[in-house]
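First up is the structure itself, then whatever we jot down about it.
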Amino acid sequence: MIELHSTPTPNGQKVMIMLEETGLEWVHVDVNIRLGDQFSPEYLQLSPNNRIPAIVDTEGPGGARYTMMESGAILIYLAEKTDQFLSKDPRTRYDTLQWLIFQMAHIGPMFGQANHFNNYAKENIVYAKERYNNESLRLYRVLDNRARDSQWIGGSEYSIADMAIYPWTKLHPDRGVNAKDFPHFMRWFNAMQERPAVKRNDQMATEIRARMNQATEGKTMINLYDTKDNAARLASATKT
Ligand SMILES: N[C@@H](CCC(=O)N[C@@H](CS)C(=O)NCC(=O)O)C(=O)O
Numbered sequence: 015m016i017e018l019h020s021t022p023t024p025n026g027q028k029v030m031i032m033l034e035e036t037g038l039e040w041v042h043v044d045v046n047i048r049l050g051d052q053f054s055p056e057y058l059q060l061s062p063n064n065r066i067p068a069i070v071d072t073e074g075p076g077g078a079r080y081t082m083m084e085s086g087a088i089l090i091y092l093a094e095k096t097d098q099f100l101s102k103d104p105r106t107r108y109d110t111l112q113w114l115i116f117q118m119a120h121i122g123p124m125f126g127q128a129n130h131f132n133n134y135a136k137e138n139i140v141y142a143k144e145r146y147n148n149e150s151l152r153l154y155r156v157l158d159n160r161a162r163d164s165q166w167i168g169g170s171e172y173s174i175a176d177m178a179i180y181p182w183t184k185l186h187p188d189r190g191v192n193a194k195d196f197p198h199f200m201r202w203f204n205a206m207q208e209r210p211a212v213k214r215n216d217q218m219a220t221e222i223r224a225r226m227n228q229a230t231e232g233k234t235m236i237n238l239y240d241t242k243d244n245a246a247r248l249a250s251a252t253k254t
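Each residue of the sequence shown is one higher than the last, beginning at 15 in my numbering.
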């Protein structure tokens, strides 16, 4: 049994998609990051970086309980555990890993910063908005070029690279990404949306989000974007 301790953000959803694709038995344990659950001592045991997602595999390597943080590493772990969605052929495997790491190193951080400066920053910083919006659009061009040359982003077969990238690209219309200018990306995106596991994820993400929003009613929420407070929260949760 896999416990996914998470929130259905893009990083959470990529693991949800993988769990649905593999057919593993799993449960979603809500970690309400707007309430600061990620700073609880129990959660920090699973994810010392106070970020979602984390998993607990009750039957990990050697049959014993195993915990993990970092969504890209979790996808590789689940692929190896189930022998699915990460080819054993060396060339295909390294192709997939390149594109998985491209998501982790570029798409996640850059799209995340664009979202922050567009929607949540305390000040309207035009330079920061332009920097991250331009970079996000460039990354969509990389994806469009890749989808022109390859059926799936990770190679000729559907893989963990596609699962990692898809949830991050759901808001592509906000970036002005459309079928006319990014036809190959859109072909890939539409193919992703046709997958039953992806459809189930989209539905589950909506339901879990509604449940977690309800759980915040009447409670004090933290300001996730206050990095000074976050550093203090971690320090106080982990002081010896
Ligand atoms: N590299 C990490 C990034 C995880 C991450 O940034 N998670 C965000 C939500 S998408 C989070 O937990 N934020 C809570 C916080 O900042 O305290 C991964 O891919 O697992």
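All C-beta atoms, glycine included, are put in the ideal place defined by N, C-alpha and C.
In this structure the region 199 to 212 does not lie against the region 223 to 232, because fewer than three pairs of beta carbons, one per stretch, are closer than 8 Å. With a 10 Å radius around the Cβ and a threshold of 16 neighbouring Cβ atoms, glutamate 34 comes out buried. The C-beta separation of proline 181 from proline 24 comes to about 4 Å, placing the pair in contact by the 8 Å criterion. The straight-line gap separating the alpha-carbon atoms of aspartate 44 and isoleucine 222 is approximately 8 Å. Secondary-structure assignment with DSSP links alanine 68 through a beta bridge to His19 and Met83.
Taking a cut-off of 8 Å for Cβ pairs, the region 173 to 189 and the region 117 to 125 touch, as three or more such pairs fall below it.
Here DSSP, grouped into helix, strand and coil, assigns valine 45 to coil. Relative to ligand 1, the beta carbon of leucine 111 is positioned no closer than 6 Å to any heavy atom.
Inter-segment contact for the region 75 to 90 and the region 104 to 116 is present: three or more beta-carbon pairs are separated by less than 8 Å.
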